[in-house]
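Using the UniProt record's numbering, the first residue of the sequence shown is number 1, and each one after it goes up by one. Heads up, the thing below is written out as structure tokens.
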Amino acid sequence: MLSSEQVIPSPRGPLWRKFCAAVAASGRIITCVHKVAENPQLVPFSVFRAFEGPRSDTRFPFPFSPPVLATRDKMHLTRIAVGAGLALASAISAQSEPQPSNPSTASVTDNYMGPAAFMWPPDRVWSGDMDNQAPCGSRAAAGNRTKFPITGGAVALVAQDDYYNSKISISYKEDPQTNTDFSVLLETIDISDLNPGHTCVSVPDAPSRVTAGTNATLQIIYKADWDAPHNQTFYACADITYVNQADFKLRIPCFNATEPGEDDKKFAAEKDKPAGDSKTPTTASSGGSGLKGGALAGVIVGSILGACAIAAAGLFLYRRREQKLRQLRLAKMEENAKKSDYRDDRSVELI
């Protein structure tokens with residue numbers, strides 16, 4: 001059996017460079033510390049994911065370098081800090097490429113999830129042929145429950161595509177089978193239109209009838225045009241066990257880091273188009289420049305090259321003129337020298 005300090009590769013392939021930990025004692029909570037280097041639009045950020053037991057099906061749509069593994073023992077904090085720095089340096093050069101079956105256009109992708117998912121608490125294993133099937137979009141049954149605080153809870157959502165009309169619900173049944181087993185927990189404008197990346201969502205506290213040890217299942221329902229030209233409904237579920245806030249020692253790995261989605265890119269492209277159908281270019285006298293960045297750069301470069309050409313031509317003509325003047329001066333000096341020699345010869349004969 002592997003110790004908590006050993007690292008094993010994820011079965012999801014070397015492309016992701018993702019690693020998981022196997023724990024020595026079943027049920028012992030460990031934390032994988034990852035450092036992520038995002039695309040140029042995003043600042044590098046940390047990702048913390050906690051899970052129980054030997055579960056190793058981590059799912060992040062970002063290229064990870066090998067994590068530093070640590071128990072919740074404070075003696076390992078130094079090891080975490082040093083390893084996280086090394087992981088960040090390694091992750092800067094990491095890249096990921098989607099498989100042909102992955103329709104994502106995000107800068108970073110994951111071939112083992114749908115358009116969106118729960119990052120924390122970890123959701124049930126994704127299945128591409130089931131993610132449109134209610135209530136949980138997975139073949140897996142309830143299990144691998146994550147400890148979740150009765151108060152002050154939050155969920156971390158992760159996505160590799162735009163997704164809309166999101167709704168988070170909860171069921172207190174041991175293994176919910178239909179959407180009617182769930183009641184809406186959160187359905188607000190804040191999660192109605194989300195972009196690729198990470199989104200942190202605070203959830204309401206559990207009702208008073210819920211006590212520590214109560215099992216529940218969180219569900220997210222959303223729409224996306226993932227693998228079809230039209231929006232479809234997708235499902236994902238995460239199984240939890242409630243614990244008192246005082247007994248919940250984990251810092252929830254929740255943060256916001258997204259990039260523009262397809263709808264934002266289309267809006268920006270439409271905004272950049274010139275108004276009207278007129279093909280006449282805008283002149284400087286119209287009050288605004290009709291040149292975009294690329295055209296303006298071309299004009300500047302052309303002007304510089306033209307100025308250089310003119311300067312070179314002027315230098316060439318100047319040097320030609322100086323050369324002719326120098327030749328004339330030399331010829332005149334030779335002529336004067338000959339005249340001087342002739343006068344000297346005449347003077348000698350006269351004497």
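Idealized CB from N, CA, C, for every residue including glycine. Treat the numbers as computed from the prediction; the structure is a model and nothing was measured.
beta-carbon residue i near the ligand PLP non-hydrogen atom, thresh 7 Å
{"i": "residue 329", "result": "With respect to the ligand PLP, the structure offers nothing, as it holds no ligand at all."}
Where the beta strand (DSSP E) through residue i begins and ends
{"i": "residue 158", "result": "154 to 159"}
{"i": "residue 365", "result": "Look at the range of the chain in this structure, 1 to 351, and you will see that residue 365 is not part of it."}
Exposure of residue i, with buried meaning 16 or more beta-carbon neighbours within 10 Å
{"i": "residue 208", "result": "exposed"}
{"i": "residue 336", "result": "exposed"}
{"i": "residue 305", "result": "exposed"}
{"i": "residue 239", "result": "buried"}
{"i": "residue 191", "result": "buried"}
{"i": "residue 109", "result": "buried"}
{"i": "residue 60", "result": "Here the model assigns residue 60 a pLDDT of 42, short of 50, so the residue's position is not dependable and the matter cannot be decided."}
{"i": "residue 8", "result": "Its pLDDT being 33, under 50, residue 8 is placed unreliably by the model, and the measurement read from it follows with that caveat. Result: exposed."}
Option in the options with minimal Cα separation from residue i
{"i": "residue 243", "options": "320, 152, 219 and 193", "result": "152"}
{"i": "residue 161", "options": "171, 184 and 225", "result": "225"}
{"i": "residue 171", "options": "109, 135 and 193", "result": "135"}
{"i": "residue 181", "options": "169, 148, 231 and 187", "result": "169"}
{"i": "residue 212", "options": "158, 193, 146 and 307", "result": "146"}
{"i": "residue 198", "options": "256, 133 and 261", "result": "256"}
{"i": "residue 104", "options": "120, 140, 163 and 122", "result": "163"}
{"i": "residue 149", "options": "309, 237, 222 and 204", "result": "204"}
{"i": "residue 156", "options": "237, 141 and 319", "result": "237"}
{"i": "residue 183", "options": "193, 189 and 217", "result": "217"}
Nearest-angstrom Cα separation, counted from residue j out to residue i
{"i": "residue 259", "j": "residue 195", "result": "6 Å"}
{"i": "residue 234", "j": "residue 220", "result": "8 Å"}
{"i": "residue 206", "j": "residue 143", "result": "20 Å"}
{"i": "residue 331", "j": "residue 316", "result": "23 Å"}
{"i": "residue 327", "j": "residue 333", "result": "10 Å"}
{"i": "residue 174", "j": "residue 215", "result": "7 Å"}
{"i": "residue 130", "j": "residue 167", "result": "19 Å"}
{"i": "residue 178", "j": "residue 246", "result": "33 Å"}
{"i": "residue 117", "j": "residue 202", "result": "16 Å"}
{"i": "residue 107", "j": "residue 176", "result": "35 Å"}
{"i": "residue 111", "j": "residue 311", "result": "58 Å"}
{"i": "residue 127", "j": "residue 249", "result": "32 Å"}
{"i": "residue 329", "j": "residue 313", "result": "25 Å"}
{"i": "residue 253", "j": "residue 229", "result": "33 Å"}
{"i": "residue 185", "j": "residue 124", "result": "19 Å"}
{"i": "residue 231", "j": "residue 121", "result": "26 Å"}
{"i": "residue 227", "j": "residue 114", "result": "9 Å"}
{"i": "residue 133", "j": "residue 210", "result": "28 Å"}
{"i": "residue 139", "j": "residue 200", "result": "26 Å"}
{"i": "residue 102", "j": "residue 159", "result": "13 Å"}
{"i": "residue 222", "j": "residue 154", "result": "18 Å"}
{"i": "residue 261", "j": "residue 309", "result": "46 Å"}
{"i": "residue 165", "j": "residue 141", "result": "25 Å"}
{"i": "residue 137", "j": "residue 193", "result": "20 Å"}
Chain D contact for residue i (CB, 8 Å cutoff)
{"i": "residue 145", "result": "Absent from the structure is chain D; it holds one protein chain and no more."}
Mind pulling the beta strand (DSSP E) runs of 3 or more residues that sit fully within the UniProt domain "Copper acquisition factor BIM1-like" (113 to 259)? 116 to 120, 146 to 149, 154 to 159, 163 to 171, 183 to 186, 197 to 202, 215 to 224 and 232 to 243
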